[in-house]
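**Q**
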Amino acid sequence: MEWFDTWGLSLIVFLPLVGALLLMLLPREQEESHKWVSLITTAIVLVLSVVAAANFDFGAAKSFQYEVNESWISAIGANYHVGIDGISLPLLVLSGFVTLLSVIYSWNHWEEPRNPRAFLALMLVLLTGMNGTFVALDLVLFFIFFELVLLPMYFMIGIWGDKSERELPVFGKTVSVRLYAAIKFFLFTLFGSAFMLLGFLALYFNSADSVAGRTFDIPALIARAPELTMLPVAGWIFAGLFLGFAVKVPMFPFHTWLPDAHTAAPTVGSVLLAAILLKLGSYGFIRIALPILPEQAKQWAPIIAILAVIGIIYGALACLAQSDMKRLIAFSSVGHMGFVMLGIATLTDVGINAAIIGMVAHGVITGLLFFLAGSMSHRYHTRDMARLGGNQSLMPMLGGILAFTAMASLGLPGLAGFWGEFMSLLGSYNPLEGLSIGLFRTAMVIGAVGTVLTAGYLLWMLQKVNLGEPKAEWDGHEFHDVDKFEMAAWVPLIVTIIAIGVYPKIVFGATTDAVQALVQTAFGG
Amino acid sequence: MTNFLLAAAEEEVHEIVAGTGGFFGEYAWIMLVLPWIAVLGIIFFGKRMKYLGAEIAIAMLAFNTIWSTILFVLNITKGVVYEGAVVIAEIGSDLVFELGWVVDGLSIMMYFVVSFVGLVIFIYAVGYMEGDVRVTWFFAAFTIFAGSMLVLVGAPNLVQLIIGWEGVGLASYLLIGHYWEKKENSSAGMKAFYTNKVADVGLIIGAIMVGATLGTFRFSELSRAAVEHADDLALVAGMIGALLFFGAMGKSAQFPFHIWLPDAMAGPTPVSALMHAATMVTAGVYLMARTFPLYQNLAEDIRPWMVAIGAITLFAMGLLALVANDIKKVLAYSTVSQLGYMMTAVAAGGYTAGVFHLFTHAFFKALLFLGAGSVIHAVHSNNMSDMGGLRKVMPRTYWTFLIGSLALAGILPFAGFWSKDEILVTLGHEGYTAVMWIAIAGAFVTAFYMTRAVTLTFWGTYKGHGHPHESKPIMTVPLITLAVPAAIIGLLNIPGVEFGNTGNFTTWLGMREVVMGDHHASAPDWGMAAIGLGAAVLGILAGLALYARDRATQQERDEFEIPVLYPLLRRKYYMDDAALGLVWLIKAPFANAINWINDYIIDGMVNTVGFVTSGLAHLVYGGLDQRGIDLGFNAMAYGSGGSGERLRRLQTGQLQQYASVFVGAAVMFVIGFVLFR
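Residue numbers (the numbering used here), protein chains in the order written: chain P, 1 to 525; chain B, 1 to 677.
Next up, the structure:
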């Protein structure tokens, strides 16, 4: 396995691009071969990720493994530096896993204007961007991959998205839902990234010390954290990074692109957006912002915690006001990512572990919810909950899976969603020494109330959609319950939700040492 | 190289925490795991089986009943106690999450009650649910119910207890809303789940405080720290006690969280029986018993408050049973009232008294619900105004129901007498004299409403439709099976009476590491017994005086039923209206306001930035070549201006060109990457 140590991660990142290229070489008519090429490519990527996990030295989860560090753009000292530790490993596996399931689901679910070749190619490019972000250990490399995911998603939403039109509040203008959402998503994220890039550059220009010159290297910057965090501009740098990552998460009040993007995106787009793309932001906080600028992290922690709990309550309340099922699920992400950010804000190993398992759990649970919402609107041709109802009797299997996933989403203990919420609250009870205990304990109580509201909207949604008698307008309609492709895409997610719920060590076994080392180095506690 | 997944398989899967369990103790986890295997079996194979999967559930519960009986015998003869656990996660160096199982007097008692009462109810359900719309699903959810309760009572730590706790809540939601085609049923299920979820905030924060303070969630450590008056725990003990009690109030339907329980009658009757006897509502009392040392040693300040809530519950909710017309609602309010007794007892310091009442109540309340179900099955109505005179046509149901009623009313020598007497004695001994008198008055009310229920249902003339018949043996045999313990099981704990050197109920429950320190009289207090019995007899006499005469119509009955209390009681003290108002308050104005803020303010700002930028773009570049403007702003201008030519073209004809261009760009990136390095 010598070759895997050096080539493994690069294969995981760039194989999808090769697949995409292959797709482009195939004639447009051969849809079957497009599907198979994508399926095989993503399957190989997932297998490689699993091999990486299987050969991962969990005893040394805190250090980077499969590391490759080659000089790349020597003029600015940017290196091709990749590697994974216990924090990035679960996310890397998650992204391959969800993308493979998305390809399987896509098999017979195509939104207009079809064109599987282009859609699958975009999906593969997206996978490269996501995997690349999780393995990158160089700021330039990280930035490129971080931005790379924007384009495929932009096209997915803008081309395959919702075909209807809507009127913007206040302005009274009528816009195409998908174009508006795609542009908003793109510009919003670009806006954040611009500041993030400034932050990266500022880190670079201030990184020189007596031993070595300027660098974009993340581990090197972490090693120089004690000096970097004392810089006069460090506060501004953190603000820049914060904006970049907070938009992506998204944190309140930078979240408004998310409901629009999710609602407008095609099913698979929503799934990947929720399952992986949102995690790039919170991952950025853990990988870059916290360890490189620990003092600033401490100063900003209360603000992050406050915004996080606002997000929890705000997201849940906004859900209760929705009539569109997909938009409701989209807003639920705001609340769930609030728990993730609350965990990060505690700056403790409990909180950050909570954040990572929260990210993984949200990925599989909300990913599945979007699959389900997509399949529902595929069958009913509406997402309006006032028109739905009695789904459980029309399609017992689909209804059952929806009920299961809603339970997982409301954090039912014994399923994956519980650990992130519970431990994030646990972390808030005892935040890092020096942080305001009063503030964090208040956040804990508000967060706990948030779990009640979360249960509220999910139960309400289930009642509206699943229970009761079907509406008269569906009389005589033939509905096909879950088909085999949907089953193949969903069962692995269901199994994962239960497995992580019963045995969270699946995730914690990788993360705990790495997180502890991170907290130890950065905050000494 | 260590791989934790492989390592987990190799290492010893459980560690011995305490005790010498022998085979049956060390493998008691089977009782907790088996139900989940049964659930899968029912879901995947149930439809093909003769009784649609019920046989799997029944076999599982029979196995558990035998196992827990063996454990019970081992416990009283050899003093077997055991605690084992599997580590499911380690965070950092000092936070460990475990799943495990406890074998001690309290948990064995609960294993037995859940398994045995559950078994009887499941068998009954085979007859009751015959011809139902979804029998297999019913038994799957029913098994989740029993399984979650077993996980809960077997939990050695708070986190596992929470897992079982919420599992019970989920199962109740599924089962109460079993007939979800009707909105009122699904709403009742939601109400149960949701009311519990609100109370769970207390349990979860309480658990977090225990974990954060002690570095462990184990009950054994919590008890030890409480008995040793550990300083760090002493600081927050009152808070923890209050929070855990808050959680218990939800599950055990204490005032004002009782609102969900009467609505929970929307589910099929076996569900009500299981919920009110063995699972769900007893969970709160069980939690208080499990954490008893905390309340006994450190959280003493809050105990009077807990007693007060228990007392309000036992009396005020008992009164509501007086006016209910639905026979299941009579029993439901009766359960709430009896839970008030248990909670009052445990809060006052009567660990044994409270748990003993939980134990006896499980048998006679299950019996009463199954009896009510038998009647409902026969007359096709829940309302007592449609019943009457069933004594002659349903003799087995009548006699067993009568035994259950006498046990509930607290008539010597039936089960309820002994446990209620124990509670009264404890209240008197602990100095809660006023509460003791409330409890005695409650005994009067209990006897009164049960007399009313029996006379309206079984005496007089039949007022419903059709010709009711006695139920099939599959339903009446369970009734008789439960009538036996309802009659005699109270004898297990007569003060001063012991069964040779094995002791009695009190000593069995007392076989624990930590001394519980509650009061148990060494000889019967005949004075107190006489007062309690007197109140019950008076209640029966009063009931007979008012209801023994047959009244033909509902109106006739209304005229003599207490006119003053009626309006208040019929509206359930306006508690439901208040709760609905609260929910409406959150749902309507708050949620809509947030949505408005989102669309108009936050998004309005974002859109303003967009429009201003695009307007500026037009202004600056308007006269110039538009192709010079960058893609993002261009698209924004197009998108908002309504002339999305470019993207529209993209979407139709030249899509794959764009995609190719894009992939090409990505490939360029790779090439550049290779060249640059």
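Beta carbons: idealized from backbone N, C-alpha and C, even for Gly. These numbers come from a predicted model, not from an experiment.
Against chain B, with Cβ distances strictly below 8 Å, would P250 of chain P count as a contact?
**A** The residue given as residue 250 of chain P occupies position 250 in the first sequence. No, because no Cβ of chain B sits closer than 8 Å to the Cβ of P250 of chain P.
**Q** Roughly how many angstroms lie between the CA atoms of T267 of chain P and Y111 of chain B, to the nearest whole one?
**A** Here residue 267 of chain P refers to the residue found at position 267 when the first sequence is read from its first residue. Here residue 111 of chain B refers to the residue found at position 111 when the second sequence is read from its first residue. Between T267 of chain P and Y111 of chain B, the C-alpha separation is close to 46 Å.
**Q** How is the beta strand (DSSP E) around E31 of chain P delimited, first residue to last?
**A** As a first step, residue 31 of chain P must be located in the first sequence, where it is residue number 31. E31 of chain P -> not in any beta strand (DSSP E); alpha helix (DSSP H) instead, spanning 31-54.
**Q** Which residues, taken in chain order from the region 154-169 of chain B, show a beta carbon closer than 7 Å to some beta carbon of chain P?
**A** I162, I163, E166, G167
**Q** Measuring only between beta-carbons, confirm whether W180 of chain B sits less than 8 Å from chain P.
**A** By 1-based counting over the second sequence, the position of residue 180 of chain B is 180. Chain P, which has a Cβ nearer than 8 Å to the Cβ of W180 of chain B, makes this yes.
**Q** Determine, using beta carbons only, whether P504 of chain P and A89 of chain B come nearer to each other than 8 Å.
**A** Working through the first sequence from its first residue, we reach residue 504 of chain P at position 504. Working through the second sequence from its first residue, we reach residue 89 of chain B at position 89. Contact flag set, yes.
**Q** Who are the near neighbours of T346 of chain P in its chain, counting only those whose CB is closer than 7 Å to its CB and skipping five residues on each side?
**A** Here residue 346 of chain P refers to the residue found at position 346 of the first sequence. G427, S428, P431, L432, F440, listed in sequence order.
**Q** Tell me the residue span of the alpha helix (DSSP H) that contains I312 of chain B.
**A** In the second sequence, residue 312 of chain B corresponds to position 312, counting from 1. Note, I312 of chain B: alpha helix (DSSP H), 303-320.
**Q** Tell me the start and end of each unbroken alpha helix (DSSP H) in the region 118-151 of chain B that is at least 4 residues and wholly inside, in chain order.
**A** If you keep only unbroken alpha helix (DSSP H) runs of at least 4 residues inside the region 118-151 of chain B, you get nothing at all.
**Q** Restricting to Cα atoms, I'd like to know which of P:Q463, P:V364, P:G447 is closest to G400 of chain P.
**A** Within the first sequence, residue 400 of chain P is the residue found at index 400, counting from 1. Put simply, of P:Q463, P:V364, P:G447 the residue whose alpha carbon is nearest the alpha carbon of G400 of chain P is P:Q463.
**Q** Quick one: complete alpha helix (DSSP H) runs, 4+ long, within the region 401-440 of chain B?
**A** Here the runs fully enclosed are 415-429.
**Q** Does I494 of chain B come out as helix, strand or coil in the three-state DSSP assignment?
**A** Working through the second sequence from its first residue, we reach residue 494 of chain B at position 494. I494 of chain B falls in the coil class under three-state DSSP.
**Q** Determine the DSSP secondary structure at T534 of chain P, reduced to helix, strand or coil.
**A** No answer is possible for residue 534 of chain P: it lies beyond the span of chain P, which begins at 1 and ends at 525.
**Q** By Cβ distance below 6 Å, which residues in the same chain neighbour A332 of chain B in space, the five residues on each side in sequence not counted?
**A** On the second sequence, residue 332 of chain B is found 332 positions in, with the first residue counted as 1. If we look at A332 of chain B and ignore the five residues flanking it on each side, its Cβ neighbours are L261, P262, M265.
**Q** Just checking my contact of I393 of chain P with E184 of chain B at CB under 8 Å: how many whole Å lie between their CB atoms?
**A** In the first sequence, the residue the question calls residue 393 of chain P occupies position 393. In the second sequence, the residue the question calls residue 184 of chain B occupies position 184. Here residue 393 of chain P turns out to be Ser, not Ile, going by the sequence shown. Contact between S393 of chain P and E184 of chain B is absent: CB atoms are separated by about 17 Å, not below the 8 Å threshold.
**Q** Quick check on T174 of chain P: buried or exposed, where buried means 16 or more other Cβ atoms within 10 Å of its Cβ?
**A** Locating residue 174 of chain P in the first sequence gives position 174, where the first residue counts as 1. T174 of chain P should be labelled exposed.
**Q** Kindly give me the distance between the Cβ atoms of N493 of chain B and F356 of chain B, rounded to whole angstroms, as I take these residues to be in contact under 8 Å.
**A** In the second sequence, residue 493 of chain B corresponds to position 493, counting from 1. In the second sequence, residue 356 of chain B corresponds to position 356, counting from 1. Between F356 of chain B and N493 of chain B the Cβ distance is about 5 Å, and since that is below 8 Å, they are a contact.
**Q** State yes or no: is the C-beta of G543 of chain B within less than 8 Å of the C-beta of T451 of chain B?
**A** To locate residue 543 of chain B, count along the second sequence from 1; it is residue 543. To locate residue 451 of chain B, count along the second sequence from 1; it is residue 451. Yes, these two residues count as a Cβ contact at 8 Å.
**Q** I believe D132 of chain B touches F138 of chain B by the beta-carbon criterion, under 8 Å. Please report the beta-carbon distance rounded to the nearest angstrom.
**A** Start at 1 with the first residue of the second sequence, and residue 132 of chain B comes out as number 132. Start at 1 with the first residue of the second sequence, and residue 138 of chain B comes out as number 138. About 6 Å; that satisfies the 8 Å criterion.
**Q** If you draw a straight line from the alpha carbon of A373 of chain P to that of G390 of chain P, how long is it in whole angstroms?
**A** Looking up residue 373 of chain P in the first sequence gives position 373. Looking up residue 390 of chain P in the first sequence gives position 390. So the two alpha carbons sit approximately 15 Å from each other.
**Q** Please confirm whether T69 of chain B and T502 of chain B have their CB atoms less than 8 Å apart.
**A** On the second sequence, position 69 is the one that residue 69 of chain B refers to. On the second sequence, position 502 is the one that residue 502 of chain B refers to. Taking 8 Å as the Cβ cut-off, T69 of chain B and T502 of chain B do not qualify as a contacting pair.
**Q** Can you list the alpha helix (DSSP H) stretches of 4 or more residues lying completely in the region 51-131 of chain B, in chain order?
**A** 54-78, 105-128
**Q** Mind listing the chain A neighbours of M407 of chain P? Cutoff is C-beta to C-beta under 7 Å, in chain order.
**A** Protein chains P and B are contained in the structure displayed, whereas chain A is not.
**Q** State the start and end residues of the unbroken beta strand (DSSP E) segment that holds E165 of chain P.
**A** The residue you call residue 165 of chain P lines up with position 165 of the first sequence. Counting along the chain, the beta strand (DSSP E) containing E165 of chain P begins and ends at 165-167.
**Q** Under a three-way DSSP split, which group does T174 of chain P fall into?
**A** As a first step, residue 174 of chain P must be located in the first sequence, where it is residue number 174. Three-state DSSP puts T174 of chain P in a strand.
**Q** At a CB distance below 9 Å, what residues from the region 93-104 of chain B approach chain P? Give them in sequence order.
**A** Within the region 93-104 of chain B, the qualifying residues are S93, L95, F97, L99.
**Q** Would A265 of chain P and I344 of chain P be called neighbours here (beta carbons separated by less than 8 Å)?
**A** As a position in the first sequence, residue 265 of chain P is number 265, starting the count at 1. As a position in the first sequence, residue 344 of chain P is number 344, starting the count at 1. Result no, Cβ atoms of A265 of chain P and I344 of chain P do not sit closer than 8 Å.
**Q** P16 of chain P and V124 of chain P - do their beta-carbons sit closer together than 8 Å?
**A** Reading the first sequence from its first residue, position 124 is the one you call residue 124 of chain P. Reading the first sequence from its first residue, position 16 is the one you call residue 16 of chain P. For the sequence presented, residue 124 of chain P should be read as Leu rather than Val. Against a cut-off of 8 Å, the Cβ pair of P16 of chain P and L124 of chain P comes out as a contact.
**Q** Could you tell me which chain P residues have their CB closer than 9 Å to the CB of Y600 of chain B, listed as they occur along the chain?
**A** If you number the second sequence from 1, residue 600 of chain B lands on position 600. Result: P169, V170.
**Q** Over what stretch of residues does the beta strand (DSSP E) that includes S74 of chain P continue unbroken?
**A** For the purposes of this step, residue 74 of chain P is taken as the residue at position 74 of the first sequence. Here S74 of chain P belongs to no beta strand (DSSP E), and DSSP marks it neither H nor E.
**Q** Note down the Cα distance separating W236 of chain P from G199 of chain P, rounded to an integer number of angstroms.
**A** Your numbering for residue 236 of chain P matches position 236 in the first sequence. Your numbering for residue 199 of chain P matches position 199 in the first sequence. Using only the alpha carbons, I get a separation of about 8 Å.
**Q** Which chain P residues are close to V236 of chain B, counting only those with a beta carbon under 7 Å from its beta carbon?
**A** In the second sequence, counting from the first residue as 1, residue 236 of chain B sits at position 236. The premise fails here: V236 of chain B is roughly 10 Å from chain P at the closest Cβ pair, so nothing lies under 7 Å.
**Q** Determine the contact status of L314 of chain B and G284 of chain B, defining contact as a CB-CB distance below 8 Å.
**A** Looking up residue 314 of chain B in the second sequence gives position 314. Looking up residue 284 of chain B in the second sequence gives position 284. No. Outside cutoff.
**Q** Smallest Cα separation from M475 of chain B: which of B:S107, B:V102, B:I123?
**A** Walking along the second sequence from the start, residue 475 of chain B turns up at place 475. Comparing Cα-Cα distances from M475 of chain B to each of B:S107, B:V102, B:I123, the minimum goes to B:I123.
**Q** Using only alpha-carbon positions, find the residue among B:N504, B:W526, B:N598, B:Y547 that is nearest to V73 of chain B.
**A** Start at 1 with the first residue of the second sequence, and residue 73 of chain B comes out as number 73. Closest by alpha carbon: B:N504.
**Q** Kindly say whether Q463 of chain P, judged by its beta-carbon, lies nearer than 8 Å to any beta-carbon of chain B.
**A** Counting from 1 along the first sequence, the entry for residue 463 of chain P is found at position 463. It does; some Cβ of chain B falls within 8 Å.
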